[in-house]
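Take the sequence shown: its letters are residues 12 to 134, numbered as in the working numbering.
Structure, as structure tokens:
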Amino acid sequence: MRIAVIGNGNVGSGLSRILGEAGHEVTTIGRNDDLSTAVAKAEVVVVATPCGAIADLADKADFPVLLGATWAHSGFGWSFSNEGGGWEYPLFWAVVQGVVAVLGRGAFALRVPQLDQRLGQFA
Numbered sequence: 012m013r014i015a016v017i018g019n020g021n022v023g024s025g026l027s028r029i030l031g032e033a034g035h036e037v038t039t040i041g042r043n044d045d046l047s048t049a050v051a052k053a054e055v056v057v058v059a060t061p062c063g064a065i066a067d068l069a070d071k072a073d074f075p076v077l078l079g080a081t082w083a084h085s086g087f088g089w090s091f092s093n094e095g096g097g098w099e100y101p102l103f104w105a106v107v108q109g110v111v112a113v114l115g116r117g118a119f120a121l122r123v124p125q126l127d128q129r130l131g132q133f134a
């Protein structure tokens, strides 16, 4: 069976090792790995992350969907009152999720080393 384990900490790596020893094809996904490719190939997905990391995963998963929804609705007008319109709402949430992803130096904030070096203590 193809299994994707999201999380490569103590629990995730332990589960991956045990499942691999049991003969399963296991892909362990860390914070900076390609989530979509690994999950698309899996038959079973196991989430082994701390609670706060789940919000980070949701941001990564939703961002491309929201941009796609913005593009799909962009030709039909500004608001949902137009048939097929309403591109501003998914665009707003894509921007909000982008801001949340890079916000602060919290444990689950997106890390951009070049930005950290450039902004120093203000990053």
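No residue lacks a Cβ here, since even glycine has one placed at the ideal position from N, Cα and C.
Which class does residue i belong to by DSSP, given the choice of helix, strand or coil?
i           : result
residue 42  : coil
residue 80  : helix
residue 15  : strand
residue 123 : coil
Within the present structure, is the beta-carbon of residue i separated from the nearest heavy atom of the ligand SAM by less than 7 Å?
i          : result
residue 14 : Questions concerning the ligand SAM fall outside what the structure shown contains, since it holds no ligand whatsoever.
Between the options, which lies nearest to residue i when the distance is taken from Cα to Cα?
i           : options             : result
residue 123 : 42, 14, 93 and 102  : 42
residue 76  : 108, 56, 20 and 125 : 108
residue 15  : 53, 28, 88 and 31   : 53
residue 59  : 74, 34 and 23       : 23
residue 74  : 61, 50 and 101      : 101
residue 88  : 55, 29 and 99       : 99
Straight-line CA distance for residue i to residue j?
i           : j           : result
residue 8   : residue 36  : The structure shown has nothing for residue 8, since the chain only spans 12 to 134.
residue 31  : residue 97  : 46 Å
residue 111 : residue 94  : 31 Å
residue 126 : residue 105 : 21 Å
residue 50  : residue 57  : 10 Å
Is the region 43 to 59 in contact with the region 82 to 101, if contact means three or more CB pairs nearer than 8 Å?
-> Touching, no.
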